[in-house]
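Number of protein chains: 2
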Amino acid sequence: MASIKDVANLAGVAVGTVSRVINNSGAVKPVTRKKVEKAIQELNYFPNEVARNFKMQKSKMVALLLPSIWNPLFSELAYYIEDELDKEGFKLMLCNSGGKPEKELYYLEMLRQNKVAGIVGITYNDIENNVSNDIPIVSIDRHFNKKITCVTSDNYEGGRLALRELVKAGARKPAFMGSVTSVFSETMNRRKGFVREAQALGVEYVVYEEPDPIVDDNAYINEFLNRHGDVDGVFAITDMLAANYMDKARRQGIRVPEDVKVIGYDGIQDNPFFHPILSTIRQPVEEMARMTIRLLHNKIEGIPLEKQVYHIPVIFRQGETT
Amino acid sequence: MASIKDVANLAGVAVGTVSRVINNSGAVKPVTRKKVEKAIQELNYFPNEVARNFKMQKSKMVALLLPSIWNPLFSELAYYIEDELDKEGFKLMLCNSGGKPEKELYYLEMLRQNKVAGIVGITYNDIENNVSNDIPIVSIDRHFNKKITCVTSDNYEGGRLALRELVKAGARKPAFMGSVTSVFSETMNRRKGFVREAQALGVEYVVYEEPDPIVDDNAYINEFLNRHGDVDGVFAITDMLAANYMDKARRQGIRVPEDVKVIGYDGIQDNPFFHPILSTIRQPVEEMARMTIRLLHNKIEGIPLEKQVYHIPVIFRQGETT
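Chains A and B, in that order, give the protein sequences.
For reference, each letter of the first sequence is one residue, going 98 to 419 in my numbering.
For reference, each letter of the second sequence is one residue, going 98 to 419 in my numbering.
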């Protein structure tokens, strides 16, 4: 089959010129263009070749699906994902799918058509049934069954760590405060680790949960304050929930950390200027982002992965609330 | 010239099947693929046709250039830009070019090759000399001369408003605290408005500036505290600078707002859980984002725009610091 070089030789021009004619890009003199087009026809230069070239350019794009880029955790994640992609010459397409899960389907279709090289991020759809084993998708935080690789912080160890730190700070009856998603999310292991560690240490504990998403944060927190006035430690499933809880608690005269120790999860505060500075289980966002892209890259290249779920270690970051 | 329909007719298959062969996407039986490839060769089906189709799909993408998506102001901006693009079926490509201005050049090249339909955002390069008048670029905050439309908050009015609010809160000697960029940025009008309003009202004022970027924030703020211990109001050019100043001031025993009233610019706090809640000039981020995309859309469609710079009104948002 004729190659682009054959076309260039026959037309007596450089390969770059042929490429510009094919791609309709850059300046090519009409007379040169004619010559190239003639050579393409004479050699039956096959359009698939062109399509493939285009695809190779197109396939240097990766789609990132997130509930919302406005969320500080997700914008940090997007920052490092773009940085890691850039090292390999990949470009990032961004989709906020929060509240509009159907937006994701477009990107799955693009992936099927090879118009993006891969998809990463937090998805709402049950994509598992629609994709094959080797399709380049890496999920963050949401663990499907077998086909889709998942990268997540070590939520279970994070839960254990939070319980231990609350106890270390003096809490005798700590509570877990969270929500239960209808589909299994790795984030639910935060509660599991918390409960397991409390049981292992013989510490009295409370689990306070409602179905996700929590529609009325205020009612949810006030109900907690009413029902569990005796807890002296709170591990909230996110930093934002921890901050919201503290705001309500303070209005009832509860002092943090004197009366209640509080630990969040995420580590969204990247400067020490706004208070309270939360004690928190810090998500290893940079490592998660870079790992996600490295795994995706392996999938694109057809390199088998060792695991289905990659747990990245977390650390406790001391703030002003324990 | 043969069309994809001619190929389909000759091969006795549907147009979609030809498309799948050309694009190498989806399942096509080997025997069918052979038939299609034969028809393509017989008809000299011209690759340019394919290229054009690809390009038309590609041009539903818009590139967003930002210093860093991690910045809360920029992640809010990206959120609304993606949302507005989605209404017209456009997809967003994201580029963090902070510290790597050369990354932008790739997207300018893509635009020249029609691989993206347009570019919006905050650019570092002096793109003006490289682009023609009608090229679909909309700049945010940075005003080039004539060719490139700019959307920005009304920085000048924001500066005036900040001065008036500081005076209203009791400040007798307010200071502007900022930085001077080497290329003109619309954000520099914040100082101009501040100074103009102080002069109009006959208020004593201070301007404290250093060249941008400020390498050592701490040294910069400490020098301000040493030099200007007598000011009783501060208008900082961003919320982050205001928060950083307050942190340093508090360590010197300066109380906000009792001793010094403070106003920032941006409005990055979107919840009331972290303190101090800044009094600030709120950027109309959503309106700026939607306006940017609507103007870009007009440029893509060849509709002439009325102005070179679009100033979106700002408001003062009262917090705990005035």
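Beta carbons: idealized from backbone N, C-alpha and C, even for Gly.
These numbers come from a predicted model, not from an experiment.
Residue i, buried or exposed, once every other Cβ within 10 Å from all chains shown has been counted against 16
| i | result |
| --- | --- |
| asparagine 286/A | buried |
| glutamate 173/B | buried |
| serine 279/B | exposed |
| proline 310/A | exposed |
| aspartate 336/A | buried |
| asparagine 252/A | buried |
| arginine 347/A | exposed |
| isoleucine 412/B | exposed |
| isoleucine 237/A | buried |
| glutamate 294/B | buried |
| glycine 416/A | buried |
| lysine 404/A | exposed |
| phenylalanine 241/B | buried |
| alanine 478/B | With chain B running from 98 to 419 in the structure shown, residue 478/B is simply not present. |
| proline 401/B | exposed |
| asparagine 368/A | exposed |
| leucine 296/B | In the sequence as displayed, the identity of residue 296/B is glutamine instead of leucine. Exposed, since its Cβ has fewer than 16 Cβ neighbours within 10 Å. |
| valine 406/B | exposed |
| valine 235/B | buried |
| proline 127/B | exposed |
| asparagine 341/A | buried |
| glycine 299/A | exposed |
| glycine 350/A | exposed |
| alanine 111/B | exposed |
CB contact check: residue i to chain A, cutoff 8 Å
| i | result |
| --- | --- |
| aspartate 313/B | no |
| aspartate 356/B | no |
| asparagine 341/B | yes |
| glutamine 138/B | yes |
| aspartate 344/B | yes |
| valine 115/B | no |
Rounded Cβ spacing between residue i and residue j (contact assumed at less than 8 Å)
| i | j | result |
| --- | --- | --- |
| asparagine 222/A | glutamate 201/A | 5 Å |
| serine 362/A | glycine 218/A | First, the residue type needs correcting, since residue 362/A is tyrosine and not serine in the sequence shown. Going by Cβ atoms, the distance from tyrosine 362/A to glycine 218/A rounds to 19 Å, so no, they are not a contact pair. |
| isoleucine 365/B | proline 169/B | 4 Å |
| glycine 275/B | glutamate 306/B | 5 Å |
| glycine 195/B | proline 164/B | 4 Å |
| alanine 272/A | histidine 325/A | 6 Å |
| valine 328/A | methionine 343/A | Going by Cβ atoms, the distance from valine 328/A to methionine 343/A rounds to 13 Å, so no, they are not a contact pair. |
Neighbour flag for residue i against chain B, beta carbons, 8 Å
| i | result |
| --- | --- |
| lysine 200/A | yes |
| proline 460/A | Because chain A is modelled from 98 through 419, residue 460/A falls outside the range shown and cannot be assessed. |
| glutamate 372/A | According to the sequence as given, residue 372/A is histidine; it is not glutamate. It does; some Cβ of chain B falls within 8 Å. |
| asparagine 319/A | no |
| asparagine 106/A | no |
| asparagine 141/A | yes |
Residue i - DSSP class collapsed to helix/strand/coil
| i | result |
| --- | --- |
| threonine 335/A | coil |
| histidine 372/B | strand |
| aspartate 223/A | coil |
| glutamate 179/A | helix |
| threonine 278/A | coil |
| glycine 361/B | strand |
| tyrosine 204/B | helix |
| arginine 351/A | First, the amino acid is wrong: residue 351/A is isoleucine here, not arginine. If DSSP states are grouped into helix, strand and coil, isoleucine 351/A belongs with coil. |
| arginine 149/B | Reliability of the predicted coordinates at arginine 149/B is poor, the pLDDT of 47 falling under 50, and no value is obtained from them. |
| proline 308/B | strand |
| phenylalanine 291/B | helix |
| alanine 160/B | strand |
| asparagine 193/A | strand |
| alanine 268/A | coil |
| histidine 394/B | helix |
| lysine 132/A | helix |
| lysine 345/B | helix |
| phenylalanine 241/A | coil |
| phenylalanine 79/B | Beyond the ends of chain B as shown, which are 98 and 419, falls residue 79/B; an answer cannot be given. |
| glycine 416/A | coil |
| tyrosine 407/A | strand |
| serine 100/B | coil |
Identify each residue in the stretch 172-195 of chain A for which the Cβ-Cβ distance to at least one residue of chain B is less than 8 Å, and report them in chain order. Ser172, Glu173, Ala175, Tyr176, Glu179, Asp180, Asp183, Lys188, Leu189, Met190, Leu191, Cys192 and Asn193
In chain order, what residues of the stretch 155-169 of chain B put their CB closer than 9 Å to some CB of chain A? Lys155, Met158, Ala160, Leu161, Ser165, Ile166, Trp167, Asn168 and Pro169
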